[in-house]
Amino acid sequence: MVNVDVVVIGGGLLGLAAARALDRRGREVVVLEAAGVGHERSGSKGDARIFRLGYTDPLYVQMAQQAERLWRELEAETGVELLRTTGQLTLGPGRDSVLTTLRAAGAPVEELTAEEAAERFPGVRADGSVIFEPASGVLAADRALIALRRRLTVHEHVAARAVRDEGDRVMVETTAGTWSAAVAIICAGPATSMLASPSVWLSTSATLEQVGYYAPVDGPLDMPIVVADGPRPLYGLPVAARGWYKLGLHQAGPVVDPASADYRDDPGLLSELTALTEDLLPGLSPVLVDSLRCLYDSTADDDFILDRHGRIVLGAGTSGHGFKFGPLLGELLADLALDVEPPVPLQRFAASRLGLR
Numbered sequence: 021m022v023n024v025d026v027v028v029i030g031g032g033l034l035g036l037a038a039a040r041a042l043d044r045r046g047r048e049v050v051v052l053e054a055a056g057v058g059h060e061r062s063g064s065k066g067d068a069r070i071f072r073l074g075y076t077d078p079l080y081v082q083m084a085q086q087a088e089r090l091w092r093e094l095e096a097e098t099g100v101e102l103l104r105t106t107g108q109l110t111l112g113p114g115r116d117s118v119l120t121t122l123r124a125a126g127a128p129v130e131e132l133t134a135e136e137a138a139e140r141f142p143g144v145r146a147d148g149s150v151i152f153e154p155a156s157g158v159l160a161a162d163r164a165l166i167a168l169r170r171r172l173t174v175h176e177h178v179a180a181r182a183v184r185d186e187g188d189r190v191m192v193e194t195t196a197g198t199w200s201a202a203v204a205i206i207c208a209g210p211a212t213s214m215l216a217s218p219s220v221w222l223s224t225s226a227t228l229e230q231v232g233y234y235a236p237v238d239g240p241l242d243m244p245i246v247v248a249d250g251p252r253p254l255y256g257l258p259v260a261a262r263g264w265y266k267l268g269l270h271q272a273g274p275v276v277d278p279a280s281a282d283y284r285d286d287p288g289l290l291s292e293l294t295a296l297t298e299d300l301l302p303g304l305s306p307v308l309v310d311s312l313r314c315l316y317d318s319t320a321d322d323d324f325i326l327d328r329h330g331r332i333v334l335g336a337g338t339s340g341h342g343f344k345f346g347p348l349l350g351e352l353l354a355d356l357a358l359d360v361e362p363p364v365p366l367q368r369f370a371a372s373r374l375g376l377r
């Protein structure tokens, strides 16, 4: 048996960020990852994620502002660029609410007519006014995981089998033995509920989303992030390292069992992405150059689960928009583990809002 202060189950974004926060506070922490960090079926895998301040909800704007500072601190600590500012165009009926919320938060934002947007960003076609968010950018997701992992003790290919809260300690039984800790943090994506206390039921669903990559029509890739809300919310972001534009539909994929999901491409979703490329993004060639599937772990209200029950802390339900908040979510999970007052009110993220038995 190995004794530590905290065992973190799951070596994705949340688990690594929480472990890093605890390590910086002087705690002895170990991360147990059932497969490998950034493995093919991980919700944290991939080359790029969107960072943006633009939400209709003031709390998420506040959290994104805090997260941006923490990402920059991580860049300074590692000497690695993680967040590249590109700017973002926000289209669709929700743009006015985003504009109002950003202005109230004192965040930089511009309102552009369709003509102004076309002049500044000829690779994007807008039917009406849009907003431009200059602080938005692209996170190098793969490099971010490496940066968060620095100096941590991570045991890969060690799967947790049971987590038992015994009152004074938590026992974590794994395929490689048993760990004993004062607190366990479970950040295992859709598997979090199965590993949590029998008294806790997390109402999340796993969906398998489809991503496509498209090349610019000519010249280097020079396009901002695009977020378009509506019945089929669309997002797109430039991936500089590959010279391609990454495009996806938010929460459009089927509900799956992660253990048996078929990760082959969905032709219907890819056709829809290609059609949207032709309609909205004339700066891109509507010819698919690469694709991948990614797993979402979502709640019914799209808010995260950040909670503590006994000696077990839960981090789950990132709902396809959690990566931008990574280091902040790690700090919040560490606060829960150490029973410290967090800088963000966490009642909203309690598991009980979704179902606690």
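All residue numbers for the sequence shown refer to the numbering used here, where the first residue is 21 and numbers rise by one.
Just so you know, even glycine gets a beta-carbon here, dropped at the ideal spot from N, CA and C.
Problem set entry | Residue nearest to VAL183 in terms of C-alpha spacing, selected from GLY197, VAL150, LEU215, VAL174 | Within the sequence shown, the letter at position 163 stands for residue 183. Considering only alpha carbons, the answer is LEU215.
For this session: Can you have a look at GLU186 and say buried or exposed, based on whether 16 or more other CB atoms are within 10 angstroms of its CB?
Result: Residue 186 sits at position 166 when you count from the first residue of the sequence shown. GLU186 comes out exposed.
Problem set entry | Identified DSSP bridge partners for TYR255 | Position 235 of the sequence shown, counting from 1, holds the residue named residue 255. The partner list for TYR255 (beta bridge, DSSP) reads VAL247, GLY268.
Exercise. What are the complete alpha helix (DSSP H) segments, minimum 4 residues, inside the stretch 82-140?
Worked result: 115-124, 134-140
For this session: Pull up the CB-CB distance for PRO278 and PRO210, whole angstroms please, since I reckon it's below 8 angstroms.
Result: Taking the sequence shown and counting its residues from 1, one reaches residue 278 at position 258. Taking the sequence shown and counting its residues from 1, one reaches residue 210 at position 190. Contact flag correct, Cβ pair sits at about 5 angstroms.
For this session: Return helix, strand or coil for MET191, following the three-state DSSP convention.
Result: Against the sequence shown, residue 191 aligns to sequence position 171. Strand at MET191.
Problem set entry | Contact the stretch 308-318 vs the stretch 192-207: 3+ CB pairs below 8 angstroms | no
Exercise. So who's on the other strand from PRO142, going by DSSP bridges?
Worked result: Counted from its first residue, the sequence shown places residue 142 at position 122. None; PRO142 has no bridge partner.
Exercise. With burial defined as no fewer than 16 other Cβ atoms inside 10 Å of the residue's Cβ, what is the status of ARG81: buried or exposed?
Worked result: Within the sequence shown, residue 81 is the residue found at index 61, counting from 1. In the sequence under discussion, the amino acid at residue 81 is Val, which differs from the Arg named in the question. Under this definition VAL81 is a buried residue.
Exercise. If you count every other CB in all the chains shown that lies within 10 Å of the CB of ALA96, and 16 or more means buried, which is it?
Worked result: Numbered from 1 along the sequence shown, position 76 holds the residue referred to as residue 96. When all chains shown are included, ALA96 counts as exposed.
For this session: Name the two residues that bound the continuous beta strand (DSSP E) containing GLY58.
Result: By one-based count along the sequence shown, residue 58 stands at place 38. Unbroken run through GLY58: none, as it is neither H nor E.
Problem set entry | Runs of alpha helix (DSSP H) lying entirely within the stretch 270-354, each at least 4 residues, in chain order | 287-300
For this session: Check whether the Cβ atoms of VAL174 and GLU48 sit closer than 8 angstroms, and answer yes or no.
Result: Here residue 174 corresponds to residue number 154 of the sequence shown, with the count starting at 1. Here residue 48 corresponds to residue number 28 of the sequence shown, with the count starting at 1. Contact flag unset, no.
Problem set entry | Nearest residue (CA-CA) to GLY148, options VAL158, ALA179, LEU109, THR120 | Numbered from 1 along the sequence shown, position 128 holds the residue referred to as residue 148. When each option's Cα is compared against that of GLY148, the closest is LEU109.
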